[in-house]
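J.: Quick one: this structure, given as structure tokens, is what I'll be asking you about.
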Amino acid sequence: MSAPIRQLHGVRPLLAMTFAGFSGYAVLLPVAPLWTVEGGADPGQAGLVNGILLLVTVLTQVMVPTALRVLGWGPVLVAGLVMLGAPAVLLPLSDGLGPVLACSAARGVGFGILTVTGVSAVAALVDPRRRGEAIGAYGLAVAVPNVVLLPLGPWLAREVGFTPVLLLGALPLLGVPAALAVAAVLHQDTADRVADAATSDESPATSASVLVPLLPPVLLLLWVTLAGGAMLTFAPQMVSDPVLVTAGLFTMGLVGALARWRIGVLADRFGARGFLAPIVVATACGVALVAWSIGGPGAASSAGRTTAFLAGVLLLGLGYGALQNLTLVVALAAAGRRHQHQASAIWNVGFDLGTAIGSVAVGALAVQASFSSAMWVTAGLAVLVLPLAAAVRDTRHPHG
596 MSAPIRQLHG
606 VRPLLAMTFA
616 GFSGYAVLLP
626 VAPLWTVEGG
636 ADPGQAGLVN
646 GILLLVTVLT
656 QVMVPTALRV
666 LGWGPVLVAG
676 LVMLGAPAVL
686 LPLSDGLGPV
696 LACSAARGVG
706 FGILTVTGVS
716 AVAALVDPRR
726 RGEAIGAYGL
736 AVAVPNVVLL
746 PLGPWLAREV
756 GFTPVLLLGA
766 LPLLGVPAAL
776 AVAAVLHQDT
786 ADRVADAATS
796 DESPATSASV
806 LVPLLPPVLL
816 LLWVTLAGGA
826 MLTFAPQMVS
836 DPVLVTAGLF
846 TMGLVGALAR
856 WRIGVLADRF
866 GARGFLAPIV
876 VATACGVALV
886 AWSIGGPGAA
896 SSAGRTTAFL
906 AGVLLLGLGY
916 GALQNLTLVV
926 ALAAAGRRHQ
936 HQASAIWNVG
946 FDLGTAIGSV
956 AVGALAVQAS
966 FSSAMWVTAG
976 LAVLVLPLAA
986 AVRDTRHPHG
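Listed below in structure tokens is the structure:
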């Protein structure tokens, strides 16, 4: 079987594995904290559920490249899905804070593995000239569960009870056969990749020479996930109308998914670099619109403020999705084939740190001033990151 055909056969199970893994992740993201509230936890304690998940995720991500090198694709992929899915089977047994936090820590290990290996597998399976399109398809497999299951989880928990919804968190286990199929293809393809890398123009890079070109795309990613994480975390507190909150989050999620999916085709054709600055500006305008719409008494209550809020989250969703794709394309191109695992780990750490900072920093600013002020500051940070858009490498590849 030729390498391109093997790679095609690897992408399909990769998307299936990713969809199963992120479905289990997304459905529990809002529901697991609610489960601890059922057990008597206060909101601060409930917030630790996803905080522990995120902390362990980041700690795991930095170790995944070494695990792949030592253990190989099969054991690492299967371990990630099992660690992400199996703890959900135990969650219905106790709504106590301690047991739920232990499950979150285990799931964080699995999620850290899934995020890094997914990106690394895309880089290994797909020709760089079609990497943007492949990352878009991968991003769609990530985004659809978040768009559908994340808002649906709390409603299902109220309507049908917590136990069935908590058990949906075991969906990653259904991705194990697909993971084994991905591992088999990558194992077959290793010899081709090693031979190709040996004849390429790339020379072995030091740690510093790998890290420095990754800083611009990762800092751009950190800023946009900071803004997106703030919106995902605090939208119900920014706006009192639950219908408007739901409409805004759905709009952001849908536009983000579509942008992440389709921008890759354009990046393959024209290169990612030229899109970065305009999208940063558009995203900053979106955050500014949100900041204006929620400012003052009766925030987002008038027709004008409601329209501004929805327009703002639409632009934020556009940047949130598009910059995820573009910064990953740039990061993988900057790292070269020899350092795809490291680039994947660093990119994912940037994503999760940005989300965490958005939750913590925007919340702290809101306590001191207001959510409107915090979002104005977030929009203003675009002035600092905009020059980074010009500092990235051109990702275009010659066709022929």
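Residue numbers for the sequence shown follow this note's numbering, beginning at 596 and rising by one.
Here a beta-carbon is modelled for each residue, glycine too, at the ideal position from N, C-alpha and C.
Determine, using beta-carbon pairs with one atom in the segment 641-656 and one in the segment 769-783, whether at least three such pairs fall under 8 angstroms.
T.: no
J.: Give me the Cα-Cα distance between Gly727 and Ser689, rounded to the nearest whole angstrom.
T.: By one-based count along the sequence shown, residue 727 stands at place 132. By one-based count along the sequence shown, residue 689 stands at place 94. Near 43 angstroms, if we compare the C-alpha coordinates of Ser689 and Gly727.
J.: Using a Cβ-based criterion (distance less than 7 angstroms to any ligand heavy atom), does Thr841 qualify as near the ligand FMN?
T.: The ligand FMN is not part of this structure, which contains no ligands at all.
J.: Determine, using beta-carbon pairs with one atom in the segment 979-989 and one in the segment 863-880, whether at least three such pairs fall under 8 angstroms.
T.: yes
J.: Going by alpha carbons, who is nearest to Asp836 out of Gly859, Val807, Ile941 and Leu905?
T.: Indexing the sequence shown from 1 puts residue 836 at position 241. Of the candidates Gly859, Val807, Ile941 and Leu905, the one whose C-alpha sits nearest the C-alpha of Asp836 is Leu905.
J.: Quick one: Cα of Leu810 to Cα of Leu817, how far?
T.: Reading the sequence shown from its first residue, position 215 is the one you call residue 810. Reading the sequence shown from its first residue, position 222 is the one you call residue 817. Leu810 and Leu817: Cα-Cα distance of roughly 10 angstroms.
J.: Using C-beta distances below 6 angstroms, list every residue in its chain close to Gly705, excluding the 5 sequence neighbours before and after it, in chain order.
T.: For the purposes of this step, residue 705 is taken as residue 110 along the sequence shown, with counting starting at 1. Only residues of its own chain outside the window of five on either side were considered, and among them Gly675, Met678 and Leu679 have a CB closer than 6 angstroms to the CB of Gly705, listed in chain order.
J.: If you draw a straight line from the C-alpha of Val860 to the C-alpha of Asn741, how long is it?
T.: As a working note, residue 860 is residue 265 in the sequence shown. As a working note, residue 741 is residue 146 in the sequence shown. If I take the Cα positions, the gap works out to 22 angstroms.
J.: Taking C-beta to C-beta, are Leu720 and Gly881 nearer than 8 angstroms?
T.: The sequence position of residue 720 within the sequence shown is 125, counting from 1. The sequence position of residue 881 within the sequence shown is 286, counting from 1. Here Leu720 is not near Gly881, since their CB atoms are 8 angstroms or more apart.
J.: Alpha carbon to alpha carbon, how far is Leu979 from Leu815?
T.: Taking the sequence shown and counting its residues from 1, the one referred to as residue 979 is at position 384. Taking the sequence shown and counting its residues from 1, the one referred to as residue 815 is at position 220. In a straight line, the C-alpha of Leu979 is about 10 angstroms away from that of Leu815.
J.: So, with DSSP's three-state summary, where would you put Val714?
T.: Position 119 of the sequence shown holds residue 714. In the structure shown, Val714 sits in a helix (DSSP, three-state: H, G or I).
J.: Is it a yes or a no for the segment 906-923 touching the segment 613-623, going by three-plus beta-carbon pairs under 8 angstroms?
T.: no
J.: Can the beta-carbon of Asn920 be found closer than 8 angstroms to that of Arg855?
T.: What you label residue 920 is simply residue 325 of the sequence shown in a count that begins at 1. What you label residue 855 is simply residue 260 of the sequence shown in a count that begins at 1. The answer is yes: Cβ separation under 8 angstroms.
J.: Going along the chain, which unbroken runs of the alpha helix (DSSP H) with 4 or more residues stay wholly within the segment 740-779?
T.: Counting only runs of 4 or more, we get 757-763.
J.: Within 10 angstroms of the Cβ of Pro670, are there 16 or more other Cβ atoms? Answer buried if so, exposed if not.
T.: The sequence position of residue 670 within the sequence shown is 75, counting from 1. Exposed, since its Cβ has fewer than 16 Cβ neighbours within 10 Å.
J.: Rounded to the nearest angstrom, what separates Leu849 and Val924 at their Cα positions?
T.: As a position in the sequence shown, residue 849 is number 254, starting the count at 1. As a position in the sequence shown, residue 924 is number 329, starting the count at 1. Distance between the alpha carbons of Leu849 and Val924 is about 21 angstroms.
J.: Going by other Cβ atoms of all chains shown within 10 Å of its Cβ, with 16 needed for buried, is Val780 buried or exposed?
T.: Taking the sequence shown and counting its residues from 1, one reaches residue 780 at position 185. Buried, by the Cβ-count rule.
J.: Shortest alpha-carbon distance to Thr613 belongs to which of Leu775, Gly713, Val632 and Ala977?
T.: To locate residue 613, count along the sequence shown from 1; it is residue 18. By alpha-carbon distance to Thr613, the top candidate from Leu775, Gly713, Val632 and Ala977 is Gly713.
J.: Write down the C-beta distance between Ala879 and Ala940 rounded to the nearest angstrom, noting that I regard them as a contact closer than 8 angstroms.
T.: Indexing the sequence shown from 1 puts residue 879 at position 284. Indexing the sequence shown from 1 puts residue 940 at position 345. Not quite, the Cβ-Cβ distance comes to about 28 angstroms (not below 8 angstroms), so this is no contact.
J.: Does the distance from the C-beta atom of Pro625 to that of Leu745 stay below 8 angstroms?
T.: On the sequence shown, position 30 is the one that residue 625 refers to. On the sequence shown, position 150 is the one that residue 745 refers to. Contact: yes.
J.: Just tell me which of Ala959, Trp887, Ala938 and Arg857 has its CA closest to the CA of Ser967.
T.: Counting from 1 along the sequence shown, the entry for residue 967 is found at position 372. Measuring from the Cα of Ser967, the nearest candidate turns out to be Trp887.
J.: Could you compute how far the alpha carbon of Gly756 sits from the alpha carbon of His936?
T.: The count along the sequence shown starts at 1 and reaches residue 756 at position 161. The count along the sequence shown starts at 1 and reaches residue 936 at position 341. Gly756 and His936: Cα-Cα distance of roughly 40 angstroms.
J.: Using 10 angstroms around the beta-carbon of Ala718, count the other beta-carbons present and answer buried if the total reaches 16, otherwise exposed.
T.: Residue 718 sits at position 123 when you count from the first residue of the sequence shown. When all chains shown are included, Ala718 counts as buried.
J.: Out of curiosity, what's the CA-to-CA distance linking Ala765 and Pro682?
T.: Counted from its first residue, the sequence shown places residue 765 at position 170. Counted from its first residue, the sequence shown places residue 682 at position 87. If you take the alpha carbons of Ala765 and Pro682, they lie about 7 angstroms apart.
J.: Hey, could you find the ends of the alpha helix (DSSP H) Leu983 is sitting in?
T.: Locating residue 983 in the sequence shown gives position 388, where the first residue counts as 1. Note, Leu983: premise wrong, no alpha helix (DSSP H); not H, not E.
J.: Hey, how far is the Cα of Pro628 from the Cα of Gly642?
T.: Taking the first residue of the sequence shown as 1, we reach residue 628 at position 33. Taking the first residue of the sequence shown as 1, we reach residue 642 at position 47. In a straight line, the C-alpha of Pro628 is about 7 angstroms away from that of Gly642.
J.: Quick check on the burial criterion: 16 or more other C-beta atoms within 10 angstroms. Buried or exposed for Gly843?
T.: The residue you call residue 843 lines up with position 248 of the sequence shown. So Gly843 counts as buried.
J.: Can you give me the Cβ contacts of Ala736 inside the same chain, cut-off strictly under 6 angstroms, excluding the 5 residues immediately before and after it?
T.: The residue you call residue 736 lines up with position 141 of the sequence shown. Spatial neighbours of Ala736 in its own chain (CB-CB distance under 6 angstroms, excluding positions within 5 residues in sequence) are listed in chain order as Leu610, Thr613 and Phe614.
J.: What three-state label does DSSP hand Val606 in the structure shown?
T.: Along the sequence shown, read from residue 1 onward, the residue named residue 606 stands at position 11. Three-state DSSP puts Val606 in a helix.
J.: Rounded to whole angstroms, how far is the Cβ of Gly635 from the Cβ of Thr820, which I believe are closer than 8 angstroms?
T.: Working through the sequence shown from its first residue, we reach residue 635 at position 40. Working through the sequence shown from its first residue, we reach residue 820 at position 225. In this structure Gly635 does not touch Thr820 by the C-beta definition: roughly 32 angstroms separates them, more than the 8 angstroms allowed.
J.: Taking the straight line between their C-alpha atoms, what separation do you get for Thr826 and Thr846?
T.: Working through the sequence shown from its first residue, we reach residue 826 at position 231. Working through the sequence shown from its first residue, we reach residue 846 at position 251. As written in the sequence, residue 826 is Met, which differs from the Thr given in the question. Cα to Cα, the separation comes out at about 12 angstroms.
J.: State the Cα-Cα distance for the pair Val632 and Ala928, rounded to the nearest angstrom.
T.: The residue labelled residue 632 in the question sits at position 37 within the sequence shown. The residue labelled residue 928 in the question sits at position 333 within the sequence shown. If I take the Cα positions, the gap works out to 45 angstroms.
J.: Tell me whether Ser965 sits in a helix, a strand or coil according to DSSP, three-state version.
T.: The residue you call residue 965 lines up with position 370 of the sequence shown. Of the three classes helix, strand and coil, the one that applies to Ser965 here is coil, per DSSP.
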